[in-house]
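Residue numbers (this note's numbering): 2 to 390.
Scroll down for the structure; my scribbles are underneath it.
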Amino acid sequence: MSSNHLMQTYNRYPIELVSAEGVLVKDQNGKEYVDFLSGIAVTGFGHKHPVITEAVVKQLNQVWHTSNLFDSSGQKELALALSNASGLDKVFFSNSGTEANEAAIKFARKWGSGRYQIISALGGFHGRTYGALSATGQHKFWQGFYPLVHGFMSVPYGDIQALSAAITKETVAIMLEPIQGESGVIVPPAGYLKAVRELCDRHHILLILDEVQTGMGRTGKWFAHQWDEIRPDILTVAKGVANGLPLGATLCTDAVASAIKPGDHGSTFGGNPVSVAAANAVAGLITDDLLTSVLERGAYLKSKLKEASLPGIQSIRGLGLMAGIELKQGLSARLVAHQLQESGFLVGTSGNSVIRLLPPFTIGHSHIDGLTEAFGSVLAGYEAHGVAV
């Protein structure tokens, strides 16, 4: 079905996914694909996971929506699980990653009592609503939307000296992704996050970590910053938190939460009972064994791609089941992704040159073997036609 009524905010692929189970999805013509994208790091436990499905159906048969004017045992259960996993004290629920980040920005400024500047990183991505957009360190997302929100600046990612030099008496927080996802799975230098934590402590400013893409087990820990053995003051999650249903969460310390009073912030749909039921099921599935499995499968994925010595690949980076494959100059990531799609594999892209892999945690070795073979065939095709790879 064609339609002229949808806003053209995405360059959509010309297929419609109509059914899915586990790591497999089917389009409107019955063609089957292995999902290496997970809706961009959303369906970490695959499609139609029986435990999550059961929780959602049970909640649908009870109540779909009330209001945050009323108590919610489901929200309390999820807040406790997220608090236990993160070491943070309080949780605010919203509907998406950009909303979670908007809340983080508001909470930081309210805590700051007049301090307002937030320093983020070039290449970072925090969302498309105005506060989150202003924190996003990529000019391409700003075009046509000026003036942005006052009080934001970005410095090079991974550069602790640049961060230190940018701090002023107006600075209230530093806002970063532990791994930059949208920019191509950029992993910072070892020790960077720990140095940022120390910098924030020294200047009595907040550390906000955006784990919308990296959180909920994606890197082999509940949250990617835990690899550096630090704790932020504010943490944002979304995407994988409810395995496909809309939910965002902003976690913070008691010190930050104490600055927020009734009426300072809110959400009509945030913490919806059905989304929360799915998220509680997800939280129950994130076990030590699951996280170990994510690491094992991620290591297998990267080792297979490296061992294959595929032409056209510049580098492979990432952590756990979050991988960025940098293509050599002259190769189009979107075109390669389209050709992999034709071969039965759904992958993502970042910019013009990076293939982004964010498969479900249940992805099998055989699926990884199949992707590696398909990748090799696609890149060999370029070689055969005289394209330098």
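No residue lacks a Cβ here, since even glycine has one placed at the ideal position from N, Cα and C.
Alpha helix (DSSP H) segment containing residue i, residue limits
i: Ile326; result: Element bounds for Ile326: not the alpha helix (DSSP H) but the beta strand (DSSP E), Met323 to Leu328.
i: Val197; result: Tyr193 to His204
i: Gln9; result: Run containing Gln9: none; DSSP gives neither H nor E here.
i: Asp290; result: Asp289 to Glu308
i: Ile235; result: Looking at the DSSP string, Ile235 is not in any alpha helix (DSSP H); the run it does join, the beta strand (DSSP E), is Ile235 to Val238.
i: Leu394; result: Here the chain comprises residues numbered 2 to 390, so residue 394 is not present and cannot be evaluated.
i: Ala101; result: Gly98 to Gly113
i: Ile53; result: Pro51 to Leu61
i: Lys77; result: Ser74 to Ser87
Pick from the options that is closest to residue i, judged by C-alpha positions
i: Arg110; options: Leu292, Ile314 and His266; result: His266
i: Gly423; options: Gly349, Leu320 and Val238; result: With the chain represented from 2 up to 390, any question about residue 423 goes unanswered, as that position is not in the structure.
i: Asp234; options: Asp255, Lys240 and Trp228; result: Asp255
i: Glu103; options: Leu7, Arg116, Gln9 and Ile209; result: Ile209
i: Ile475; options: Leu296, Ser87 and Lys32; result: Given a span of 2 to 390 for the chain in the structure shown, any question on residue 475 remains unanswerable.
i: Ala391; options: Ser259, Gly264, Gln214 and Ser165; result: There is no way to answer for residue 391, as the model of the chain reaches only from 2 to 390.
i: Lys307; options: Thr54, Gly345 and Asp370; result: Asp370
i: Leu332; options: Glu171, Gly313 and Leu236; result: Gly313
i: Lys170; options: Asp36, Lys141 and Gly115; result: Gly115
i: Val197; options: Lys91, Gly159 and Ala105; result: Gly159
i: Ala1; options: Gln340, Leu296 and Ile106; result: It is not possible to answer for residue 1, since the shown part of the chain is limited to 2 through 390.
i: Leu70; options: Val257, Ile119, Ala101 and Thr269; result: Thr269
Between the CA atoms of residue j and residue i - distance to the nearest angstrom
i: Leu380; j: Thr363; result: 27 Å
i: Ser276; j: Val26; result: 22 Å
i: Pro179; j: Thr99; result: 16 Å
i: Asp211; j: Tyr193; result: 15 Å
i: Thr44; j: Gly218; result: 11 Å
i: Ser121; j: Phe224; result: 19 Å
i: His143; j: Phe126; result: Here residue 143 is Trp; the residue named in the question, His, does not match the sequence. Going from the Cα of Trp143 to the Cα of Phe126 covers about 11 Å.
i: Gly272; j: Ala191; result: 35 Å
i: Arg318; j: Lys240; result: 21 Å
i: Leu292; j: Leu320; result: 12 Å
i: Phe93; j: Ala42; result: 21 Å
i: Leu358; j: Val348; result: 6 Å
i: Leu7; j: Tyr14; result: 14 Å
i: Gly243; j: Ala163; result: The amino acid occupying residue 243 in the given sequence is Ala; Gly does not appear at that position. Computed Cα separation, rounded: 36 Å.
i: Asp72; j: Gln342; result: 45 Å
i: Gly382; j: Asn30; result: 26 Å
i: Arg129; j: Leu252; result: 20 Å
i: Lys222; j: Glu297; result: 12 Å
Residue range of the beta strand (DSSP E) that includes residue i
i: Phe153; result: Phe153 to Val156
i: Ser351; result: Gly349 to Ser351
i: Gly249; result: Gly249 to Cys253
i: Ala122; result: Gln118 to Ala122
i: Phe93; result: Lys91 to Ser95
i: Ile394; result: The question about residue 394 has no answer here: the residues shown for the chain are numbered 2 through 390.
i: Tyr34; result: Glu33 to Asp36
i: Ala21; result: Leu18 to Glu22
i: Val355; result: Val355 to Leu358
i: Ile209; result: Leu207 to Asp211
Nonlocal neighbours in the same chain, by C-beta distance under 7 Å from residue i, ignoring five residues either side
i: Leu286; result: Phe46 and Val52
i: Ala309; result: Thr373 and Gly377
i: His366; result: Tyr301
i: Tyr117; result: Arg110, Gly152, Glu171 and Val173
i: His48; result: Ala21, Glu22, Gly23 and Val26
Cut-off 6 Å between Cβ atoms - residues of its own chain near residue i, not counting five sequence neighbours on either side
i: Leu246; result: Ser276 and Ala279
i: Lys195; result: Asp229 and Ile231
i: Lys59; result: none
Own chain, CB closer than 8 Å to residue i, minus 5 neighbours either side, in chain order
i: Arg203; result: none
i: Val64; result: Pro274
i: Asn399; result: The shown model of the chain, from 2 to 390, leaves out residue 399, and the question about it has no answer.
i: Asp28; result: Ile16, Glu17, Leu18, Val19 and Tyr34
i: Ser351; result: Gly182, Glu183, Ser184, Gly185, Val186, Gly325, Ala334 and Arg357
Closer than 6 Å: residue i CB and nearest the ligand FAD heavy atom
i: Trp223; result: Of the ligands one can find in the structure shown there are none, so the ligand FAD has no counterpart to examine.
Taking contact to mean 3 or more Cβ pairs, one atom from each stretch, closer than 8 Å, check whether the region 281–301 and the region 172–187 are in contact. The region 281–301 is not in contact with the region 172–187.
Can you confirm whether the region 322–333 touches the region 10–24 when touching is taken to mean that 3 or more C-beta pairs between the two stretches lie within less than 8 Å? By the C-beta criterion, the region 10–24 is judged not to be in contact with the region 322–333, since fewer than 3 inter-stretch pairs fall below 8 Å.
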